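In what follows, a structure is listed as structure tokens, so that the remarks can point back to it.
Below is the structure:
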């Protein structure tokens with residue numbers, strides 16, 4: 004089992020002129036400390052127009068800064084929102100980041116289930132699946148061919164030398180977001196690594212992992228190699244005293260779930276029901292994790308999240324190790340959590356949780 008951090012860059016109100024600046028400074032300190040404590044990678048999501056919940060609209064820039072403060076940690080994007088970026092721009096920026104980091108980049112590619120953050124870029128929901136699939140064929144060739152060209156439905160690229168080239172050969176590992184059955188299958192079939200969310204429980208994650216595993220066993224790789232790995236992300240809080248840590252974790256979880264509800268309410272206000280494509284019905288119909296009647300404390304007590312003392316967190320990791328997850332990403336940076344609390348969670352993981360899986 005590999006241990007990682009993952010960030011949405013949450014900046015809760017009330018804000019000051021220094022709020023965002025300080026949040027990024029805190030993240031740099033956290034990641035550097037996590038590398039010392041045995042965490043092997045750090046991942047950043049890409050989101051747009053999400054006040055408080057996510058100020059991570061340029062994750063490659065954050066990772067570029069972190070590449071100069073760390074020496075071993077892998078640097079992951081979970082995920083690049085393909086429809087809002089031209090594939091050539093993605094290829095150039097990722098290659099530059101790979102060079103700056105000494106070849107430590109991991110690249111997740113997705114399309115987003117949130118129309119609120121897509122449509123301002125001129126993206127039509129019915130096009131996102133096709134744009135994603137076409138970009139998957141473009142990136143590996145842009146990174147590996149001296150002169151590259153492409154003619155497709157969404158992108159027409161005349162012969163060009165796409166520069167720079169990434170340090171990792173033939174190219175950085177590629178991942179796909181496996182949030183529903185069809186994307187789990189397509190990700191495996193493409194030969195990419197699998198990124199799943201644990202919020203809906205191990206049973207749901209296991210179903211998606213089984214679909215992915217079956218598909219990758221018959222992969223027709225889009226990239227230049229098959230990247231058969233499974234990673235999952237979760238929300239976390241670890242404290243030395245169990246009851247106190249569970250109470251605080253439940254409070255942070257409720258903050259997060261309230262923000263999720265607000266985002267879901269906002270997400271579809273500008274989209275008419277008849278304009279929702281079939282492959283977005285899953286995102287439209289799903290409700291908040293656990294249901295409105297369930298509290299954060301209920302979810303903590305059920306072991307849905309690693310929130311509590313180190314023993315609670317070890318038990319959480321064990322259940323996902325058992326279903327094939329090879330890397331767990333922990334979001335300790337939740338809403339109103341303080342810097343000392345995040346550093347405490349990282350330290351307790353480094354002292355107790357990570358050693359339990361170093362067999």
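Numbering (this note's numbering), first residue to last: 4 to 362.
Glycine residues also receive a C-beta, built at the ideal position from the N, C-alpha and C atoms.
These numbers were taken from a predicted model, which means no experiment stands behind them.
Beta carbon of residue i nearer than 8 Å to that of residue j
i: residue 112; j: residue 121; result: no
i: residue 4; j: residue 324; result: yes
i: residue 316; j: residue 352; result: yes
i: residue 211; j: residue 234; result: no
i: residue 417; j: residue 51; result: An answer regarding residue 417 cannot be provided, because it is not within the stretch 4 to 362 covered by the chain.
i: residue 262; j: residue 56; result: yes
i: residue 248; j: residue 254; result: no
i: residue 73; j: residue 34; result: yes
i: residue 133; j: residue 283; result: no
i: residue 85; j: residue 97; result: no
i: residue 303; j: residue 310; result: yes
i: residue 266; j: residue 53; result: yes
i: residue 345; j: residue 355; result: no
i: residue 45; j: residue 69; result: yes
i: residue 194; j: residue 224; result: yes
i: residue 59; j: residue 47; result: yes
i: residue 326; j: residue 205; result: yes
Unbroken beta strand (DSSP E) run spanning residue i, endpoints
i: residue 46; result: 44-47
i: residue 81; result: 77-84
i: residue 345; result: That residue, residue 345, is in no beta strand (DSSP E); its alpha helix (DSSP H) goes 342-351.
i: residue 30; result: No beta strand (DSSP E) contains residue 30, which is instead part of the alpha helix (DSSP H) from 22-39.
i: residue 8; result: 5-10
i: residue 199; result: 196-200
Residues sharing a beta bridge with residue i, DSSP
i: residue 160; result: 153
i: residue 237; result: 333
i: residue 110; result: 80 and 177
i: residue 53; result: 57
i: residue 311; result: 241
For residue i, the first and last residue of its enclosing alpha helix (DSSP H)
i: residue 135; result: 131-147
i: residue 67; result: 62-70
i: residue 100; result: 90-103
i: residue 360; result: First-last for residue 360: undefined, no H or E at that position.
i: residue 216; result: 205-219
i: residue 304; result: 299-304
i: residue 168; result: Here residue 168 belongs to no alpha helix (DSSP H), and DSSP marks it neither H nor E.
i: residue 286; result: 284-288
i: residue 119; result: From DSSP, residue 119 is part of no alpha helix (DSSP H); its letter is neither H nor E.
i: residue 191; result: 184-193
Inter-residue Cα distance where the pair is residue i and residue j
i: residue 7; j: residue 42; result: 5 Å
i: residue 349; j: residue 297; result: 28 Å
i: residue 293; j: residue 238; result: Below a pLDDT of 50, predicted positions are generally treated as unreliable, and residue 293, at 47, falls in that range; the measurement from the model is reported next regardless. Each residue's alpha carbon lies about 14 Å from the other.
i: residue 208; j: residue 190; result: 15 Å
i: residue 130; j: residue 140; result: 16 Å
i: residue 217; j: residue 201; result: 20 Å
i: residue 339; j: residue 15; result: 6 Å
i: residue 31; j: residue 90; result: 28 Å
i: residue 214; j: residue 285; result: 17 Å
i: residue 1; j: residue 220; result: There is no way to answer for residue 1, as the model of the chain reaches only from 4 to 362.
i: residue 250; j: residue 347; result: 16 Å
i: residue 357; j: residue 150; result: 45 Å
i: residue 65; j: residue 71; result: 10 Å
i: residue 279; j: residue 242; result: 43 Å
i: residue 155; j: residue 135; result: 12 Å
i: residue 17; j: residue 257; result: 18 Å
i: residue 372; j: residue 173; result: Outside the shown range of the chain, which is 4 to 362, sits residue 372, and nothing can be said about it.
i: residue 106; j: residue 170; result: 5 Å
i: residue 300; j: residue 137; result: 43 Å
i: residue 277; j: residue 288; result: 14 Å
i: residue 187; j: residue 181; result: 4 Å
- Touch test, the region 261-279 against the region 92-109, Cβ-Cβ under 8 Å, three pairs minimum: No, the region 261-279 does not touch the region 92-109.
- Inter-stretch contact at 8 Å, needing at least 3 Cβ pairs: the region 164-183 / the region 129-146: Output reads yes: the region 129-146 touches the region 164-183.
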